[in-house]
Ligand code: 3IO
């Protein structure tokens, strides 16, 4: 007689306990959220260094309410499926190098032109401000968390490039507008994302490549590419994008933390990049005795003249895409001048 009663009471207790546990779990879940952040190049490279910094800041500023699980080196999404993957929600957040998808980011390619950026700091802030002002439709399917650029691009090569004649038939890796730049200079560009460059160099598919100098150290390119030619070519624009549904699901205080970080992160990354280029060149000189080559002033001027028409060509395609190209370029130049004063190149 007593046993059924006792077991009924125990069952009730157990049910109440389970309810408590599940209630607690629900509150805990509502309080903290984990977001995945995909990136394509090796963890040591600057897109991943800025990712870790951003993740740390978000965790700190949300008091641990948001955790960021980072996936460097294409462990979640690769360079070419990054944008689509984030739109589809395969990752909550992703970092894209816009040059890998020519035609998809007509607005942002204004910052990929030969407009004379001399630092990643100035180019990153300019890109971010332009994006904020125009809110181009090329990013309408995602939330943009921050933007930044690499430092100005130069040639890193297995064989010395001392004059434009050395570029005739020269097979060189360059993506986006940089591929067009290299074609105008008489070479044969091959487009591919950064993670594919080591193998292409090794197999002899390319003789060299064009991007900012910090990869000499970060990807150990200084070992195989001992000749670096200063060209002051365009920067590569990047964006950190978030899945729209994931963004909409965040609490307002979390959204505020991320929104407030957008510009700050662009500046942080630009400054990190500019500093790191100096370090990487130093390291490469010491470790591999690389040769830094300057074209003659005449050759340099010819090179800049040859690539200048790309600005006009961009204007024409941008206009066709319905963008106020002339206005964008005027704003770009004004921002660039403003930030060059605020952040002079050392
Ligand atoms: C870049 C991309 C991945 C890792 C390091 C990097 N430094 C400069 C870039 C720019 C870029 O997207 C590229 O492919 O050259």
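Residue numbers (this note's numbering): 11 to 356.
Where is the CB? At the ideal position from N, CA and C, for every residue including glycine.
Beta-bridge partners assigned by DSSP to residue 198: 181. Looking at the backbone, the Cα of residue 203 and that of residue 249 are separated by about 15 Å. Per DSSP, residue 338 lies in no beta strand (DSSP E); the unbroken alpha helix (DSSP H) holding it starts and ends at 335-352. Taking 7 Å as the cut-off, one finds at least one heavy atom of ligand 1 near enough to the beta carbon of residue 204. Taking a cut-off of 8 Å on C-beta distances, the stretch 139-157 touches the stretch 232-252, as three or more cross pairs fall below it. Taking each of 128, 159 and 255 in turn and checking the Cα distance to residue 242, the smallest one comes out for 128. Secondary structure within the stretch 216-288: the beta strand (DSSP E) runs of 3 or more consecutive residues, fully enclosed, are 218-221, 237-243 and 247-253 (chain order). Proximity to residue 171 across 186, 195 and 185 peaks at 195, based on C-alpha coordinates.
Boundaries for residue 204: no beta strand (DSSP E) harbours it, and the DSSP string shows neither H nor E there. Relative to residue 333, the option among 143, 107, 306 and 245 whose CA is nearest is 143.
The residue from 114, 310, 312 and 233 with its alpha-carbon nearest to that of residue 208 is 233. Of the candidates 299, 180 and 131, 180 places its Cα closest to the Cα of residue 216. Closest by C-alpha distance to residue 189, out of 141, 246 and 212, is 246.
Between residue 345 and residue 136, the CB-CB gap stays under 8 Å. Residue 47 has its alpha-carbon roughly 23 Å from the corresponding atom of residue 161. The way I'd put it, the stretch 258-277 doesn't touch the stretch 314-324; fewer than three beta-carbon pairs between them come closer than 8 Å. With respect to the 8 Å criterion, residue 229 and residue 85 are not classified as neighbours on the basis of their beta carbons.
The continuous beta strand (DSSP E) containing residue 104 extends over residues 103-107.
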